[in-house]
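I have placed the structure first, in the form of structure tokens, so that the comments after it can refer back to it.
Residue numbers (my numbering): 1089 to 1142.
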């Protein structure tokens, strides 16, 4: 999942850089939430398939 790390860093950087009332920041907030949903879905679907059942 290392391909997600640059995306995460970019979103976090923009959230810090943008003023709270900046309309573009609102888009980054949405993008951050979407990113988190994707991560949760990956954990739910991909990670269990990588586990070894003993």
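Glycine is no exception: its CB is placed at the ideal position from the N, C-alpha and C atoms.
Among the options, whose alpha-carbon lies nearest the alpha-carbon of residue i?
i, options, result
"residue 1097", "1120, 1108, 1111, 1125", "1120"
"residue 1090", "1141, 1127, 1137, 1140", "1127"
Taking all protein chains shown into account, decide if residue i is buried (16 or more other Cβ within 10 angstroms of its Cβ) or exposed.
i, result
"residue 1122", "exposed"
Could you pull out every residue in the same chain whose Cβ sits closer than 8 Å to the Cβ of residue i, ignoring the five residues on either side in sequence?
i, result
"residue 1106", "1112, 1113, 1116"
"residue 1103", "1113, 1116, 1117, 1120"
With DSSP run on the structure shown, which of helix, strand or coil describes residue i?
i, result
"residue 1103", "helix"
"residue 1090", "coil"
Is residue i close to chain C, meaning its C-beta is less than 8 Å from at least one C-beta of that chain?
i, result
"residue 1112", "No chain C is present in this structure, which holds just one protein chain."
Which runs of the alpha helix (DSSP H) spanning at least 4 residues fall entirely within the segment 1111-1138, listed in chain order? List check, alpha helix (DSSP H) in window: 1111-1138.
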